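Working notes, structure below.
In my numbering, the protein residues as written are -6 to 263.
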């Protein structure tokens, strides 16, 4: 069941987006609050991009302290913020907002990088980044910052070109979804949320490549297609935990109970 922002219950934090019913963020943050004995409540609310400004004002007036943003709100929020951290400003997207002063940060990029440590990605090979929205921008900037070169593909080549220009010389536009020679493919589009396939030329994929879909919590067509052609398939569950933990720490100034948050997510996945 989806709750619209106009019907928001009394709570302290929320994740906003559309679609939003699939989100595990309320469960994850709820587990974190419980293990630390904190009496906070976190909910999921449906918000359209054109409704974001009144929705944020409404939630602030209702006593909410902060919100996370998911598709398609991460870029739409930028003009509404009074303060923006450097990383969010550089990638043009924020996913974590503090409502008392309308400050925005981006925990997607740093959270994503935290999940790569055990994947053994070959840094000498390019990353094929699929998508050009707020998630793609934050992931792309984080990868460029640690030395990766990117090939960016989007259904709209103009959007891919704009993102490549934003990210600098380490990023280029890929006309086709050709994974030949790449060490990792990252699906930063919402295609999996709608059960859609992407036109990846899987037969050209190196067998030691990693396929990474930022989506989670369901059968993911992108990873199903990748399974026979790649070394490893990774969904967005670990990234969800890491970006959520960073948001938790920023809002509350307390160490996030990552083990409890991850355990909750893994149980939900079973």
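Idealized CB from N, CA, C, for every residue including glycine.
Treat the numbers as computed from the prediction; the structure is a model and nothing was measured.
Pick from the options that is closest to residue i, judged by C-alpha positions
{"i": "residue 204", "options": "233, 109, -6 and 187", "result": "109"}
{"i": "residue 120", "options": "138, 99, 145 and 77", "result": "145"}
{"i": "residue 32", "options": "132, 3, 252 and 183", "result": "3"}
{"i": "residue 10", "options": "89, 164, 75 and 123", "result": "89"}
{"i": "residue 57", "options": "63, 37 and 75", "result": "37"}
{"i": "residue 98", "options": "251, 248 and 244", "result": "244"}
Proximity below 7 Å, CB of residue i to CB of residue j
{"i": "residue 181", "j": "residue 135", "result": "no"}
{"i": "residue 34", "j": "residue 92", "result": "no"}
{"i": "residue 59", "j": "residue 6", "result": "yes"}
{"i": "residue 221", "j": "residue 185", "result": "no"}
{"i": "residue 137", "j": "residue 160", "result": "yes"}
Spatial distance of residue i from residue j (CA atoms)
{"i": "residue 68", "j": "residue 126", "result": "7 Å"}
{"i": "residue 227", "j": "residue 78", "result": "29 Å"}
{"i": "residue 47", "j": "residue 224", "result": "46 Å"}
{"i": "residue 27", "j": "residue 45", "result": "29 Å"}
{"i": "residue 0", "j": "residue 61", "result": "18 Å"}
{"i": "residue 147", "j": "residue 123", "result": "6 Å"}
{"i": "residue 65", "j": "residue 152", "result": "15 Å"}
Proximity test, residue i beta-carbon vs the ligand NAD heavy atom, cut-off 6 Å
{"i": "residue 115", "result": "Because no ligand of any kind appears in the structure shown, any question about the ligand NAD cannot be addressed here."}
Fill in: the segment 17 to 30 contacting the segment 39 to 52, beta-carbon criterion three pairs below 8 Å
no
Worksheet entry | Three-pair Cβ contact test at 8 Å for the segment 206 to 218 versus the segment 83 to 91 | no
Fill in: Complete alpha helix (DSSP H) runs within the segment 171 to 221 (minimum length 4 residues, chain order)
214 to 219
Discussion item. With a threshold of 8 Å, are at least 3 pairs of Cβ atoms found where one atom belongs to the segment 222 to 239 and the other to the segment 101 to 118?
Written reply: yes
Worksheet item: Taking three-plus beta-carbon pairs below 8 Å as touching, is the segment 190 to 197 in contact with the segment 161 to 176?
Response: yes
Worksheet entry | Length at least 4, wholly inside the segment 75 to 122: the alpha helix (DSSP H) runs in chain order | 79 to 84 and 101 to 107
Worksheet item: In chain order, which beta strand (DSSP E) runs of at least 3 residues are fully inside the segment 126 to 156?
Response: 143 to 146
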